[in-house]
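Single-structure report; data block below.
There are 2 protein chains.
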Amino acid sequence: MFLFDRDTTPVQGQARPSGLSLGDAWNIGDKPNGGYIMAAVARTMCGHTNALGSPHLDPVTVTTHYLRPGQPGPADIRTELLRTGRTFSTATGGHHQGDPATLRTQTMATFGTLGAPEPAQYLTLAPPDIPPPDDCIVRDNPNLFVNMSSINDSTEMRLHPDTGWMKGQHSGIATSVGWIRLRDGRDPDPWALLFFADALPPTVFEILPDRAWVPTIEMTVHVRAKPAPGWILARMTSRHVAGGKFEEDGELWDSTGRLVAQSRQLAMILQP
Amino acid sequence: MFLFDRDTTPVQGQARPSGLSLGDAWNIGDKPNGGYIMAAVARTMCGHTNALGSPHLDPVTVTTHYLRPGQPGPADIRTELLRTGRTFSTATGGHHQGDPATLRTQTMATFGTLGAPEPAQYLTLAPPDIPPPDDCIVRDNPNLFVNMSSINDSTEMRLHPDTGWMKGQHSGIATSVGWIRLRDGRDPDPWALLFFADALPPTVFEILPDRAWVPTIEMTVHVRAKPAPGWILARMTSRHVAGGKFEEDGELWDSTGRLVAQSRQLAMILQP
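So the sequence lines, in the order shown, correspond to chains A and B. Plus 121 on top of the position in the first sequence (first one is 1) and you've got my numbering. Plus 121 on top of the position in the second sequence (first one is 1) and you've got my numbering.
As structure tokens, then:
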């Protein structure tokens, strides 16, 4: 069983209410990455709605509000199925952890049936130019904060050679571009895209004078199609960094160059 | 009392559970506009959270999933306050209408305290070039579907002179730019921005061969600052129209040219 599947699906027959246990190979610092939490919670919610009769197996649009940090370990996901229709099923889910159990994140998701990417019919968003993964930057500098995080145990990233902050040069352009895949060879699927939408280093590393802590308030991911096997190419862009907040827009393409997901999050800038 | 306030705030002392009644001057066709529903529901939810002790009066990030069409008339908003913290309060709210009461939309919102727009600190999204409102297009062609909709009774829009579909010429560029304000002189506030984020004609009118019906699946609005009085300038853009769905990204600037909100919705393309 691949790590991502073990850490995003409930274990059958567990005594704890939902059976989900957040893994410890998805952390930034000592907290699980927000996209990983979204993926694990939404996948568990989808299973709950399927048990209640929903035939929809794929996440179409998922929004998570991050109220308190999550933690590795058992998590109770309390799902409420709001509607099952012909095309979509919609549910809300609260993610509780700790003793006493405390709400960490709240998710609202609409599930449906996704297909492979279709040929462009009207308009299509093309991927950016980037060298192949082997010619991109491996984040191997052990002094980088992110390289002390366990997310690197599960996830492989290759950043665009122009990524300025990796070389100590802030480019002033709040964009991150890079390749991403799961380290154990598990191919991407819609659940993994929810994680990948939040996995690249923050865009604002290119513009902030100091390394900042940028907790996510809210993230929404639209999965537009099922990805082909292989690397996912991700581009994250911020256009308005003001008033202590910024948005981060994500675009994910599969290995055939087809857009498979779009994301947006609102985050706070907390100076270290 | 201005129309927008009457139609987005509960009437005190009403027998119906939440006291909110959706107005009839916000329709596209015979259904209330999705942004108007978001504004009325989120504002009602905020009032409920304030009654429960939340000190936060402004919408910071609001997501609505549209499960069934709403309708003008009494609406029951069932709010659950998830957390009140120092900076934010988060709640979910179901919007029920009809007999028997049926869930129409579900909203998740984080409320906080917004300020006036700040001078650009790091990065700012500048408004597009557009002639002043008096040199833009008034949608006065009575044959246009949207001009048979009651939204024009409450809301004034002036579209960019380059708007191709208004002249029967599809530009092929899925962008809508225009000025918007409430017709009775009520100035914009964060609640009105939730409505404005969905009020311009769909971007896809510039690319679809036939007039399409484009119901919203999900919409998220980030309110970034309190707007100054006067017109709001809105730009809506779609970049990926495929597989029967498209995203519509909205950017709203106030009369001083400062960005005050960003939005994204996922919608379906249903051919007429």
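Cβ coordinates follow ideal geometry from the N, Cα and C atoms, glycine included.
Residues of the segment 338 to 370 of chain B that bring their beta carbon within less than 9 Å of a beta carbon in chain A comprise Ile338, Glu339, Thr341, His343, Arg345, Ala346, Ser359, Arg360, His361, Val362, Ala363, Gly364, Gly365, Lys366, Phe367, Glu368, Asp370, in sequence order. Listed in chain order, the non-local C-beta contacts of valine 132 (chain A) below 6 Å within the same chain comprise Gly140, local neighbours out to five positions each way being set aside. Within the segment 173 to 206 of chain A, contact with chain B at the beta-carbon level (separation under 8 Å) is assigned to Val181, Thr182, Thr184, His186, Leu188, Arg189, Leu203, Arg204, Gly206. Residues of the same chain with a CB within less than 7 Å of the CB of proline 311 (chain B), apart from the 5 flanking positions on each side, are Asp179, Pro180, Leu235, Val344, Lys347 in chain order. The segment 312 to 328 of chain A makes contact with the segment 286 to 297 of chain A; the number of CB pairs closer than 8 Å reaches 3 or more. The beta carbon of threonine 211 (chain A) falls within 8 Å of a beta carbon belonging to chain B, placing the residue at that interface. Going by DSSP, serine 376 (chain B) is part of no beta strand (DSSP E) at all; its letter is neither H nor E. Valine 132 (chain A): not part of any alpha helix (DSSP H); DSSP gives it neither H nor E. Contact check for aspartate 375 (chain A) and threonine 358 (chain A): beta-carbon distance about 19 Å, past the 8 Å limit, so the pair fails to qualify. Judged by beta-carbon spacing, tyrosine 243 (chain B) lies within the 8 Å limit of isoleucine 328 (chain A), meaning their Cβ atoms are closer than that value.
Interface with chain A (8 Å Cβ-Cβ cutoff): methionine 229 (chain B) is included.
Going by beta carbons, alanine 318 (chain B) and glycine 156 (chain B) fall inside the 8 Å limit.
For glycine 299 (chain A), the enclosing beta strand (DSSP E) has its first and last residue at 296 to 303.
Beta bridge pairing from DSSP links glutamate 277 (chain A) with A:Arg302. The contact set of threonine 245 (chain B) on chain A, defined by CB atoms closer than 9 Å, consists of Arg360, His361, Val362, Ala363 in chain order. With the criterion set as a beta carbon lying under 7 Å from some beta carbon of chain A, the members of the segment 292 to 308 of chain B are Ala295, in sequence order. Per DSSP, reduced to three states, the secondary structure at asparagine 148 (chain A) is strand. The beta carbon of isoleucine 251 (chain B) lies closer than 6 Å to those of His281, Val298 in the same chain, with the five residues before and after it left out.
Taking 4 residues as the minimum length, the alpha helix (DSSP H) runs contained wholly in the segment 150 to 225 of chain B are 155 to 172, in order along the chain. When beta bridges are read from the DSSP output, leucine 141 (chain A) appears opposite A:Ala196.
Excluding its 5 nearest sequence neighbours in each direction, threonine 200 (chain B) has C-beta neighbours in its own chain below 6 Å: Met166, His169, Ala212, Gly214, listed in chain order. Distance from the CA atom of cysteine 257 (chain A) to the CA atom of alanine 230 (chain B), rounded to whole angstroms, is 39 Å. When 8 Å is used as the limit between beta carbons, arginine 279 (chain B) is near no residue of chain A, the shortest such separation being about 24 Å. For alanine 222 (chain B) and valine 183 (chain A), the gap between their C-alpha atoms comes out near 26 Å.
In this structure valine 381 (chain B) touches proline 238 (chain B) by the C-beta definition: roughly 6 Å separates them, less than 8 Å. Around the beta carbon of methionine 159 (chain A), 16 or more other beta carbons lie within 10 angstroms, which makes this residue buried. For isoleucine 328 (chain A), a Cβ of chain B is located within less than 8 Å of the residue's own Cβ.
In the DSSP annotation of this structure, the continuous segment of the alpha helix (DSSP H) that includes leucine 315 (chain A) starts and ends at 311 to 317.
Here leucine 188 (chain B) is actually not in contact with glutamine 218 (chain B); their C-beta atoms are around 11 Å apart, not less than 8 Å. In the displayed model, tryptophan 286 (chain B) falls within a helix according to three-state DSSP. Under the 10 Å beta carbon count, proline 153 (chain B) is surrounded by 16 or more other beta carbons and is classified as buried.
Chain-order list of chain A residues neighbouring glycine 236 (chain B): Gly364, by C-beta distance under 9 Å. Each residue's CA atom was taken as its position, placing threonine 245 (chain A) and leucine 173 (chain A) some 36 Å apart. Glutamine 383 (chain A) has a beta carbon lying within less than 8 Å of a beta carbon in chain B. Annotation for isoleucine 353 (chain A): the continuous beta strand (DSSP E) segment containing it runs 353 to 358.
Residues of chain B with a Cβ closer than 8 Å to the Cβ of leucine 387 (chain A) are, in chain order, Val181, Thr182, His343.
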